[in-house]
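Engineer: Here it is, the structure in full.
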Amino acid sequence: MVRYSVEPDNIEKVAKSRGSHLRVHFKHCREIAHFTKGMNVNKAMKVLDDVLAFKAVIPFVKYTGGIGRKAMAKQCKAPGSKGRWPVKATAVYKDLLSNAKANAETKGLDMDALIIDHAQVNRAPAGRRRTYRAHGRIGKYASQPAHIEIILKQKDEGVEKMDDDEPKKITKKQAAKRRFVKVGA
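Counting in this note's numbering, the sequence shown tops out at residue 268, every number present.
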């Protein structure tokens, strides 16, 4: 059994999925997870399909160095309208999300009420290769893989407000303000 960074309160209402040492860029996965967290699962799947078809953009919020501006990024209110279409990372994240969705279906959860409650991406150890440079030198050629974990939660229905027959309590200061009569206005 693998350990997740978050343990939910009600284990029967959640479904989990995770991937370790995935050969996709950590920074891209982080931005995708940040964008989809809190979304309905079906809506997130549609957005990821649109990103793969270049119809929607993933807004880049944290890792924005060298990220170009896109007109599509204005739709999701990206800061400085910076965004990209990280195709490989989106495909991997979508596979993990569909796996979590299948796990939820196996548990018998309501598919329309599922939201992405927790989406976390961590850096994995770098894959190290070498590249040959001028004058006989060797430079590092490292990949930045990622660990991704997703937890889906069935959204609870809201609790009805209780009928309150007794009057609201007010402070002495509020009572004094209500007694105060404005003169000369």
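The beta carbon of each residue, even a glycine, is placed where N, CA and C say it ideally should be. Quick caveat, the model's predicted, so the values are computed rather than measured.
1. When you compare each of Ala98, Met155, Lys244, Tyr87 to asparagine 182 by their alpha carbons, which one comes out closest?
2. Considering just the uninterrupted stretch of the alpha helix (DSSP H) at histidine 108, what are its terminal residues?
3. Starting from glutamate 232 and walking both ways along the beta strand (DSSP E), at which residues does that stretch end?
4. Give a yes or no on whether the C-beta atoms belonging to valine 89 and isoleucine 234 are separated by under 8 Å.
5. Quick one: give me the first and last residue of the beta strand (DSSP E) that valine 124 is part of.
6. To the nearest angstrom, how far is the alpha carbon of glutamine 227 from that of alanine 172?
7. Per DSSP, what kind of secondary structure is aspartate 178 in: helix, strand or coil?
8. By how many angstroms is the C-alpha of isoleucine 253 removed from the C-alpha of arginine 261?
9. Report the rounded CA-to-CA distance for valine 134 versus isoleucine 231, giving the unit in angstroms.
10. Is it the case that the Cβ atoms of isoleucine 198 and valine 130 are separated by a distance below 8 Å?
11. For alanine 259, report the span of its beta strand (DSSP E) as first-last.
12. When we look at the beta-carbon of phenylalanine 263 and count the other beta-carbons within 10 Å, is it buried (16 or more) or exposed?
13. How many Å lie between aspartate 239 and methionine 245 at the Cα?
14. Leaving out the 5 sequence neighbours to the left and right, which residues in its chain are closer than 6 Å to methionine 155 when beta-carbon positions are compared?
15. Mind checking whether phenylalanine 143 and valine 204 have CB atoms under 8 Å apart?
16. Do you know whose CA, among Tyr146, Leu105, Arg86, Asn93, lies nearest alanine 209's CA?
17. Taking all protein chains shown into account, decide if lysine 96 is buried (16 or more other Cβ within 10 angstroms of its Cβ) or exposed.
Structural biologist: Considering the structure as presented:
1. Taking the sequence shown and counting its residues from 1, the one referred to as residue 182 is at position 99. Minimum Cα distance to asparagine 182 is reached at Ala98.
2. One-based indexing of the sequence shown puts residue 108 at position 25. Where histidine 108 is concerned, there is no enclosing alpha helix (DSSP H), given that its DSSP letter is neither H nor E.
3. Counted from its first residue, the sequence shown places residue 232 at position 149. Glutamate 232 -> beta strand (DSSP E) spans 229–237.
4. Counting from 1 along the sequence shown, the entry for residue 89 is found at position 6. Counting from 1 along the sequence shown, the entry for residue 234 is found at position 151. Their beta carbons are under 8 Å apart, which means valine 89 touches isoleucine 234 by this criterion.
5. Taking the first residue of the sequence shown as 1, we reach residue 124 at position 41. That residue, valine 124, is in no beta strand (DSSP E); its alpha helix (DSSP H) goes 124–135.
6. The residue labelled residue 227 in the question sits at position 144 within the sequence shown. The residue labelled residue 172 in the question sits at position 89 within the sequence shown. Taking the straight line from one Cα to the other gives about 12 Å.
7. As a working note, residue 178 is residue 95 in the sequence shown. Helix.
8. Along the sequence shown, read from residue 1 onward, the residue named residue 261 stands at position 178. Along the sequence shown, read from residue 1 onward, the residue named residue 253 stands at position 170. The straight-line gap from Cα to Cα measures roughly 11 Å.
9. Counted from its first residue, the sequence shown places residue 134 at position 51. Counted from its first residue, the sequence shown places residue 231 at position 148. Approximately 19 Å between the Cα atoms of the pair.
10. Your numbering for residue 198 matches position 115 in the sequence shown. Your numbering for residue 130 matches position 47 in the sequence shown. Not closer than 8 Å, so no.
11. Locating residue 259 in the sequence shown gives position 176, counting from the first residue. Run containing alanine 259: none in the beta strand (DSSP E); it sits in the alpha helix (DSSP H), 255–262.
12. As a working mapping, residue 263 is identified with position 180 in the sequence shown. Phenylalanine 263 should be labelled exposed.
13. As a working mapping, residue 239 is identified with position 156 in the sequence shown. As a working mapping, residue 245 is identified with position 162 in the sequence shown. C-alpha separation (whole angstroms): 18 Å.
14. In the sequence shown, residue 155 corresponds to position 72, counting from 1. Cβ neighbours of methionine 155 beyond the five flanking positions: Val140.
15. Indexing the sequence shown from 1 puts residue 143 at position 60. Indexing the sequence shown from 1 puts residue 204 at position 121. No, the pair does not count as a contact, with Cβ atoms beyond the cut-off.
16. Along the sequence shown, one-based indexing puts residue 209 at 126. Comparing Cα-Cα distances from alanine 209 to each of Tyr146, Leu105, Arg86, Asn93, the minimum goes to Leu105.
17. For this step, residue 96 is matched to residue 13 along the sequence shown. Buried, by the Cβ-count rule.
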